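Enquirer:
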Amino acid sequence: MTTTFDHLSQRLETIVASGLTGSVAGTDGAAITVVDFAAPVGAVCEIERVGCRPLVGEVIGFREHAAIVFPSGDLSGVRRGAAVRLRRSCRLIPVGRGLLGRVLDAEGKPLDDRPQPITGRRRPLVQPPPAACERPPIDQPLCTGVRAIDGLLTCGRGQRVGLFSGSGVGKSTLLGMMARHTAADVTVVALVGERGREVRDFIESQLGPQGMAKSVVVVATGDESALLRIRAALAATTIAEYFR
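The numbering of the sequence shown is the numbering used here, which starts it at 319 and goes up by one.
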């Protein structure tokens, strides 16, 4: 539960972070080297670009006296000496029942041409895993609604399941069936690395209105940066842990 203190802490963090700046010293492949920038690993920043909107990046490490920033897009318009501003010291993702029925990107922004979901709560993108002794035993069956699985390959609540096969043989169809019919109140689906044209087809044909009514879909297509694809997986996990 998010308390008033948590909300004020997040606001204070944003105010404090707004005063921390640095400058671009160079690039190394897809990474940007930033000097005079005392931001921690995982911090979110904005890099000014010539003729373009600011580029969002994340601090992933340090080299000597410089911070290494990995951008969420291409480096077009980035120049030496460009200003880098800290947005927040850790990445936050919106969580709450207001996300049900929505399609989000790796940043938690809507992709379904609807307003930003109203949740009132945010969590850090990276959450510590539960302690070993806090994890309940897997001793209850999970009904997936797929008779072949429930009858021959019964799954348990809390179990990890992998679907492995070649392309075009029905992984998405089976995943959609499980998302629609599994005995769960909420389903969180992460579409990471999918082709852009397949995302809408999965949402409309495989999930449908029945599946979307109780689902949250997080998307990072294969043409997006590796950083955004990683964030999408983490965002989906954090959202799912909120509903756990």
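By construction, the Cβ of each residue, glycine as well, lies at the ideal position given by its N, Cα and C atoms.
In this text, all values refer to a predicted model and were calculated from it rather than measured experimentally.
Tell me which residue opens and which closes the alpha helix (DSSP H) that Phe561 is part of.
Expert: Position 243 of the sequence shown holds residue 561. That run of the alpha helix (DSSP H) goes 544 to 561.
Enquirer: Nearest-angstrom Cα distance between Leu373 and Ile548?
Expert: Within the sequence shown, the letter at position 55 stands for residue 373. Within the sequence shown, the letter at position 230 stands for residue 548. Rounded to whole angstroms, Leu373 to Ile548 spans 18 Å at the Cα level.
Enquirer: Does DSSP classify Ile467 as helix, strand or coil?
Expert: Looking up residue 467 in the sequence shown gives position 149. Residue state, collapsed to three classes: helix.
Enquirer: So, under 8 Å CB-CB, Val353 and Arg397 are touching, yes? Tell me the CB distance rounded to an integer number of Å.
Expert: Counting from one through the sequence shown, the residue named residue 353 turns up at place 35. Counting from one through the sequence shown, the residue named residue 397 turns up at place 79. Going by Cβ atoms, the distance from Val353 to Arg397 rounds to 14 Å, so no, they are not a contact pair.
Enquirer: Could you check whether the Cβ of Ala466 sits closer than 6 Å to any heavy atom belonging to the ligand GDP?
Expert: The ligand GDP is not part of the structure shown, which contains no ligands of any sort.
Enquirer: Distance, Cα to Cα, Thr500 vs Asp392?
Expert: As a working note, residue 500 is residue 182 in the sequence shown. As a working note, residue 392 is residue 74 in the sequence shown. Distance between the alpha carbons of Thr500 and Asp392: 39 Å.
Enquirer: Report the residue from Gly419, Met496, Gly469 whose alpha carbon sits nearest the alpha carbon of Gly568.
Expert: With the chain covering only 319 through 562, there is no way to say anything about residue 568.
Enquirer: Residues in the same chain with beta-carbon distance under 7 Å from Leu525, minus the five sequence neighbours each way, listed in chain order, please.
Expert: Taking the first residue of the sequence shown as position 1, residue 525 is located at position 207. Cβ within range, chain order: Gly494, Ala497, Arg498, Ser533.
Enquirer: Mind checking whether Ser407 and Pro358 have CB atoms under 7 Å apart?
Expert: Mapped onto the sequence shown, residue 407 falls at position 89. Mapped onto the sequence shown, residue 358 falls at position 40. Yes, the Cβ-Cβ distance between Ser407 and Pro358 is below 7 Å.
Enquirer: When the Cα of Pro435 is compared with those of Gly414, Ala449, Gln445, which residue comes out closest?
Expert: Start at 1 with the first residue of the sequence shown, and residue 435 comes out as number 117. Here the closest residue by C-alpha is Gly414.
Enquirer: Can you check the stretch 411 to 436 for any beta strand (DSSP E) of at least 3 residues that lies completely inside it and give the ranges in chain order?
Expert: DSSP runs (the beta strand (DSSP E)) wholly in the stretch 411 to 436: 420 to 422.
Enquirer: Between the C-alpha atoms of Arg420 and Asp431, what's the straight-line distance to the nearest angstrom?
Expert: By 1-based counting over the sequence shown, the position of residue 420 is 102. By 1-based counting over the sequence shown, the position of residue 431 is 113. Going from the Cα of Arg420 to the Cα of Asp431 covers about 10 Å.
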